[in-house]
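Chemist:
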Amino acid sequence: MNQQGIHQELEEALQSVRDNPISAQLLAEKAIVRCQRNGWIGTLALANLVLGWACALQNMSELAIDYFQRANSLFKDVEDAERLANGYYGLGAVYGRIGEHSLAIAQFRSALSWIIRYELPSQSALRIRAGLTRGLMNLGYWSDAEQELHKLREIPDLTDFDQAKIQMLVLRLAFYRGDQRGVREQLQRCQEMILSLDARFLTLTLDFYHARYNAKYKKHKTGEAELTAIWERADRHNADSYFLAYEATLDFLQSDYPQRGLHWMKLLLGQSRAPLSLKRQIHFALAHFYIVHRRFELATSHYQATETISSAIRESEVNLQWARFRAEDLHQSLRNQVAQHSKNNQRLAESNALLQAVNRIAMTVNAALDQESLARQLREQLVGWIDAEVIAIAEVRDDRLVFDCMLEGERRLPPDSLLLTEERSWSVRAVNKGRILFHNDFVLNDELLMAESPNRVRSVSFIPLKCENRVIGLLSLQSHQANVFDTRAISLLEYIAPVIGIALANLLNLRIRLKLRGALDKQQQELDDVRKLVAHLAYHDELTGLPNRASLPGHFIRWQRAGAFSCLLLRITNLHAVNGVGYGLDEEIVKVIGQRLGNRVRPDDLLVRVSQDQFLIFVQVMKSLDTLRDFAGQLRKTIEQPLRARDKTVAVGGLIGLVQYPDHGETYDELMSMARLALSHAQHDDTGVFCVE
Numbered sequence: 052m053n054q055q056g057i058h059q060e061l062e063e064a065l066q067s068v069r070d071n072p073i074s075a076q077l078l079a080e081k082a083i084v085r086c087q088r089n090g091w092i093g094t095l096a097l098a099n100l101v102l103g104w105a106c107a108l109q110n111m112s113e114l115a116i117d118y119f120q121r122a123n124s125l126f127k128d129v130e131d132a133e134r135l136a137n138g139y140y141g142l143g144a145v146y147g148r149i150g151e152h153s154l155a156i157a158q159f160r161s162a163l164s165w166i167i168r169y170e171l172p173s174q175s176a177l178r179i180r181a182g183l184t185r186g187l188m189n190l191g192y193w194s195d196a197e198q199e200l201h202k203l204r205e206i207p208d209l210t211d212f213d214q215a216k217i218q219m220l221v222l223r224l225a226f227y228r229g230d231q232r233g234v235r236e237q238l239q240r241c242q243e244m245i246l247s248l249d250a251r252f253l254t255l256t257l258d259f260y261h262a263r264y265n266a267k268y269k270k271h272k273t274g275e276a277e278l279t280a281i282w283e284r285a286d287r288h289n290a291d292s293y294f295l296a297y298e299a300t301l302d303f304l305q306s307d308y309p310q311r312g313l314h315w316m317k318l319l320l321g322q323s324r325a326p327l328s329l330k331r332q333i334h335f336a337l338a339h340f341y342i343v344h345r346r347f348e349l350a351t352s353h354y355q356a357t358e359t360i361s362s363a364i365r366e367s368e369v370n371l372q373w374a375r376f377r378a379e380d381l382h383q384s385l386r387n388q389v390a391q392h393s394k395n396n397q398r399l400a401e402s403n404a405l406l407q408a409v410n411r412i413a414m415t416v417n418a419a420l421d422q423e424s425l426a427r428q429l430r431e432q433l434v435g436w437i438d439a440e441v442i443a444i445a446e447v448r449d450d451r452l453v454f455d456c457m458l459e460g461e462r463r464l465p466p467d468s469l470l471l472t473e474e475r476s477w478s479v480r481a482v483n484k485g486r487i488l489f490h491n492d493f494v495l496n497d498e499l500l501m502a503e504s505p506n507r508v509r510s511v512s513f514i515p516l517k518c519e520n521r522v523i524g525l526l527s528l529q530s531h532q533a534n535v536f537d538t539r540a541i542s543l544l545e546y547i548a549p550v551i552g553i554a555l556a557n558l559l560n561l562r563i564r565l566k567l568r569g570a571l572d573k574q575q576q577e578l579d580d581v582r583k584l585v586a587h588l589a590y591h592d593e594l595t596g597l598p599n600r601a602s603l604p605g606h607f608i609r610w611q612r613a614g615a616f617s618c619l620l621l622r623i624t625n626l627h628a629v630n631g632v633g634y635g636l637d638e639e640i641v642k643v644i645g646q647r648l649g650n651r652v653r654p655d656d657l658l659v660r661v662s663q664d665q666f667l668i669f670v671q672v673m674k675s676l677d678t679l680r681d682f683a684g685q686l687r688k689t690i691e692q693p694l695r696a697r698d699k700t701v702a703v704g705g706l707i708g709l710v711q712y713p714d715h716g717e718t719y720d721e722l723m724s725m726a727r728l729a730l731s732h733a734q735h736d737d738t739g740v741f742c743v744e
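Just so you know, the sequence shown maps onto residues 52 to 744 in the working numbering.
Written out as structure tokens, the structure is:
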């Protein structure tokens, strides 16, 4: 089949790729082989575009990104603006689906720039602006999203389906503003539009907004149940599902039922496919929530989680930038191969070998935990490319070039440093000029490196290491052989210099973070210890270690939520008389009685010291009042058992008043008043126990 026939088949496959992505993928893969062999650049670009969409529709995101980038690179060569815009839109759609919305927004804006420049059809701008609007909303850029919505509405000749999709975005914006009337009106408009359309996705989205409206403004439990059912059916491969669920969760968190919001936040954090950008928003929202509710420890932990995720996102963006860099190099090799197939086969093989070496080096150096392991692993990876006996890594520190890591074979040389004003040194000159310096027939008279080596250095190279366009260190390679640094070796060094620079920056940042984290952890531990001690002293009796009177209202609320319970108020009757036998003896007696009562009550019961001579016990409701009286009688016997204190045998009496919640009081004050009244009656009872019936 000739080029025209293949091109026509690819055009048809692009139109029907959503219906049968697997068939489109097979067709495009076969077409790529023919196009590369014959040098059909335009058709090759179209085949890569079809492959990009086929992989995207099968959730093969990494492959889709690679094919879209290849297609865009080739479409630039043939100046096909419409296809190029389609490629950028495809990249934006894939990045948006996996939750990389910053990258998606950049791709959508690139697509729009080509559409505006070449005045392409409005339908192309429609789907691109819609994707851009969703990405801006997911990242919380609501004002920018609103501007894009205005531009969407200005597009002429919109279909009913397009208008319904735009109206859905307007509805989402209304929810963000929190205007109940506006939400209700927009919800009604969406419903009227979708009734006449057969669109399952729009119907499911409308169901979601109905459920969210019910949960936020009408029936909380009903709305949450509906949202739960929709969540079970949601497409977990699409990042938009998680962002919509997060916005509904914010409604719960800001409502009268914040616990449900916390539950859903934790559920979203546990989703492995949830984008990091979403998890960062969740942790930030939780930190703000706990700040408002004065839960500063929890707020701090979520702020720390936010920072950790932000670092991970930045690292991911660096890796993606590096991946794009490698992909662009591969695409350049591909264009050369198509232009001159016979000549560029060898170049492509060399490029692939170089990229594999760079990839291996990138993976290796990024896994290094210190400069020495970085240098050793780098030297191992350079075998076959550069025969270097000496490798050194220095960092720029306080106007000096500090060599902490210098290796000659397996031997580590003593550290040294140079002032950055020492221009006679090749190391300093490479740092100041910011470019690689090398020599293939060089006798080293710089005192810094290999001062103790008996061999003469013949080939040297000095590679400045940069991060964020700033030189932060230097890599030096030296060999006893001449002509080591040929074009192939220098090319590799140019490629790996940014990678090693990033790895060195990560190690330097790790050193600083570990130092700061150690100090912060120490301060946090000291603060936690003080808080625990203060909290314990505030709500516990110093003598017996039991909960004190101040803690009783909180315990009452907890028991009140659990249901009915019994309350026993105990008093030691002759404590003051015992104290007359020996000063301070009463405290020893109270301490022993507290221990006895603690051993006697059940694990689920509550024992509180409420005053000098009184204890209070909360117990679960027993089978009958007689059972409760028997239990109280046993406690009284426990109190009245003789005890030894200061070599004396003493005995005290005990009285117990019994009341029950809620029969004898529905509030804390009411129940305590009835308990004190029962205790006063107990002193007139022969058993010393009085139960209010």
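Backbone N, C-alpha and C define an ideal beta-carbon position, used for all residues, glycine too.
1. Restricting to runs no shorter than 4 residues, where is the alpha helix (DSSP H) found entirely within the stretch 104-187?
2. Beta-carbon separation of Ala338 and Ala350 under 8 Å?
3. Could you tell me whether the stretch 127-142 touches the stretch 314-325, where touching means 3 or more Cβ pairs closer than 8 Å?
4. In three-state DSSP terms, what is Arg612?
5. Near Gln665, which residues of its chain fall below 7 Å by C-beta distance, leaving aside the five closest residues on each side in sequence?
6. Does DSSP put Ser724 in a helix, a strand or coil?
7. Buried or exposed for Ile57, going by 16 or more other Cβ atoms inside 10 Å?
8. Exposed or buried, Asn189, counting other C-beta atoms within 10 Å across all chains shown (16 or more means buried)?
9. Going by beta carbon distance, what residues of the same chain come within less than 8 Å of Asp211, once the five residues before and after it are set aside?
10. Enumerate in chain order the residues of its own chain whose CB-to-CB distance from Arg600 is below 6 Å, with the five nearest sequence positions on each side excluded.
11. Nearest by alpha-carbon distance to Cys518: which of Asp131, Ala548, Arg727 and Gln109 is it?
12. How big is the Cα-Cα spacing for Ala628 and Asp592?
13. Cβ of Gln292 within 8 Å of Cβ of Ala299?
14. Please say whether Leu706 and Gly684 have beta carbons closer to each other than 8 Å?
15. For Phe340, count the other beta carbons within 10 Å of its own beta carbon; 16 or more makes it buried, fewer makes it exposed. Which is it?
16. Tell me the DSSP bridge mates of Gly705?
17. Output yes or no for whether 8 Å exceeds the beta carbon distance between Ile523 and Ala556.
18. Taking contact to mean at least 3 C-beta pairs separated by less than 8 Å, is the stretch 565-579 in contact with the stretch 668-682?
19. At the level of alpha carbons, what is the spacing between Ile92 and Leu114?
20. Which residue marks the beginning of the alpha helix (DSSP H) containing Glu446, and which one marks its end?
21. On a Cα-Cα basis, can you pick out the residue from Arg365, Tyr719 and Thr700 that is closest to Glu639?
22. Note down the Cα distance separating Gln407 from Val416, rounded to an integer number of angstroms.
23. In the DSSP assignment, find the unbroken alpha helix (DSSP H) run with Met316 in it and report its ends.
24. Spell out the partners DSSP gives Ile514 in its beta bridges.
25. Would you mind working out which of Gly435, Arg609 and Val479 sits nearest Val453, comparing C-alpha positions?
26. Could you check what DSSP says for Ala325 in three-state terms: helix, strand or coil?
27. Starting from Gln671, trace the alpha helix (DSSP H) both ways and give me its first and last residue.
28. Taking all protein chains shown into account, do 16 or more other C-beta atoms lie within 10 angstroms of the C-beta of Val434, making it buried, or fewer, making it exposed?
29. Which whole-angstrom value describes the C-beta separation of Leu100 and Leu65, a residue pair presumed to lie in contact below a C-beta threshold of 8 Å?
30. Are the beta-carbon atoms of Asn491 and Ala439 separated by less than 8 Å?
31. When burial is assigned at 16 or more other CB atoms within 10 Å of the CB, is Asn39 buried or exposed?
32. Can you tell me whether DSSP reads Pro598 as helix, strand or coil?
33. Under three-state DSSP, which class holds Tyr590?
34. I need the boundaries of the alpha helix (DSSP H) containing Ala696, first residue and last residue.
35. What residue ranges within the stretch 213-294 form continuous alpha helix (DSSP H) runs of no fewer than 4 residues, ordered along the chain?
Modeler: A quick look at the data gives this:
1. 112-129, 132-148 and 152-169
2. Numbered from 1 along the sequence shown, position 287 holds the residue referred to as residue 338. Numbered from 1 along the sequence shown, position 299 holds the residue referred to as residue 350. A contact, by the Cβ cut-off of 8 Å.
3. no
4. Walking along the sequence shown from the start, residue 612 turns up at place 561. It is helical.
5. Position 614 of the sequence shown, counted from the start, is the residue given in the question as residue 665. If we look at Gln665 and ignore the five residues flanking it on each side, its Cβ neighbours are Leu620, Leu621 and Arg622.
6. The residue you call residue 724 lines up with position 673 of the sequence shown. It is helical.
7. Here the question's residue 57 lines up with position 6 in the sequence shown. By the neighbour-count rule (16 or more Cβ atoms within 10 Å), Ile57 is buried.
8. Counting from 1 along the sequence shown, the entry for residue 189 is found at position 138. Answer is buried; the Cβ neighbour count reaches 16.
9. Stepping through the sequence shown from its first residue, residue 211 is reached at position 160. So the list reads Met244, Ser247 and Leu248, once near-sequence residues are dropped.
10. Here the question's residue 600 lines up with position 549 in the sequence shown. Cβ within range, chain order: Val661.
11. Taking the first residue of the sequence shown as position 1, residue 518 is located at position 467. When only C-alpha atoms are compared, the closest one is Ala548.
12. By 1-based counting over the sequence shown, the position of residue 628 is 577. By 1-based counting over the sequence shown, the position of residue 592 is 541. Each residue's Cα considered, the two are about 23 Å apart.
13. Numbered from 1 along the sequence shown, position 241 holds the residue referred to as residue 292. Numbered from 1 along the sequence shown, position 248 holds the residue referred to as residue 299. It should be pointed out that residue 292 corresponds to Ser in this sequence rather than to Gln. Against a cut-off of 8 Å, the Cβ pair of Ala299 and Ser292 comes out as no contact.
14. Locating residue 684 in the sequence shown gives position 633, where the first residue counts as 1. Locating residue 706 in the sequence shown gives position 655, where the first residue counts as 1. No, these two residues do not count as a Cβ contact at 8 Å.
15. The sequence position of residue 340 within the sequence shown is 289, counting from 1. Counting Cβ neighbours within 10 Å, Phe340 comes out buried, since at least 16 surround it.
16. The residue you call residue 705 lines up with position 654 of the sequence shown. Answer by DSSP bridge pairing, in chain order: Ile623.
17. For this step, residue 523 is matched to residue 472 along the sequence shown. For this step, residue 556 is matched to residue 505 along the sequence shown. Result yes, Cβ atoms of Ile523 and Ala556 sit closer than 8 Å.
18. no
19. Here the question's residue 92 lines up with position 41 in the sequence shown. Here the question's residue 114 lines up with position 63 in the sequence shown. Rounded to the nearest angstrom, the two C-alpha atoms are 20 Å apart.
20. For the purposes of this step, residue 446 is taken as the residue at position 395 of the sequence shown. Premise fails: Glu446 lies in the beta strand (DSSP E), Val441 to Arg448, not in any alpha helix (DSSP H).
21. The residue given as residue 639 occupies position 588 in the sequence shown. It is Thr700 whose Cα lies nearest to the Cα of Glu639.
22. Counted from its first residue, the sequence shown places residue 407 at position 356. Counted from its first residue, the sequence shown places residue 416 at position 365. Distance between the alpha carbons of Gln407 and Val416: 14 Å.
23. Indexing the sequence shown from 1 puts residue 316 at position 265. From DSSP, the alpha helix (DSSP H) with Met316 extends over Pro309 to Leu320.
24. Position 463 of the sequence shown, counted from the first residue, corresponds to residue 514. For Ile514, which the question treats as bridged, DSSP gives the partners Leu526.
25. Counting from 1 along the sequence shown, the entry for residue 453 is found at position 402. Ranking Gly435, Arg609 and Val479 by Cα distance to Val453 puts Val479 first.
26. Residue mapping note: residue 325 aligns to position 274 of the sequence shown, counting from 1. It is coil, neither helix nor strand.
27. On the sequence shown, residue 671 is found 620 positions in, with the first residue counted as 1. Per DSSP, Gln671 belongs to no alpha helix (DSSP H); it is in the beta strand (DSSP E), Gln665 to Gln671.
28. Here residue 434 refers to the residue found at position 383 of the sequence shown. Its Cβ having fewer than 16 others within 10 Å, Val434 is exposed.
29. Within the sequence shown, residue 100 is the residue found at index 49, counting from 1. Within the sequence shown, residue 65 is the residue found at index 14, counting from 1. Sure, about 7 Å apart at Cβ, within 8 Å.
30. As a first step, residue 491 must be located in the sequence shown, where it is residue number 440. As a first step, residue 439 must be located in the sequence shown, where it is residue number 388. Going by C-beta atoms, Asn491 is not nearer than 8 Å to Ala439.
31. Lying outside 52 to 744, the shown extent of the chain, residue 39 is not represented and no answer is given.
32. Locating residue 598 in the sequence shown gives position 547, counting from the first residue. Note: Pro598 maps to strand in three-state DSSP.
33. Sequence index remark: in the sequence shown, residue 590 carries index 539 (1-based). Here Tyr590 sits in helix by DSSP.
34. Start at 1 with the first residue of the sequence shown, and residue 696 comes out as number 645. No alpha helix (DSSP H) holds Ala696; the beta strand (DSSP E) holding it covers Leu694 to Ala696.
35. 231-246, 251-268 and 271-284
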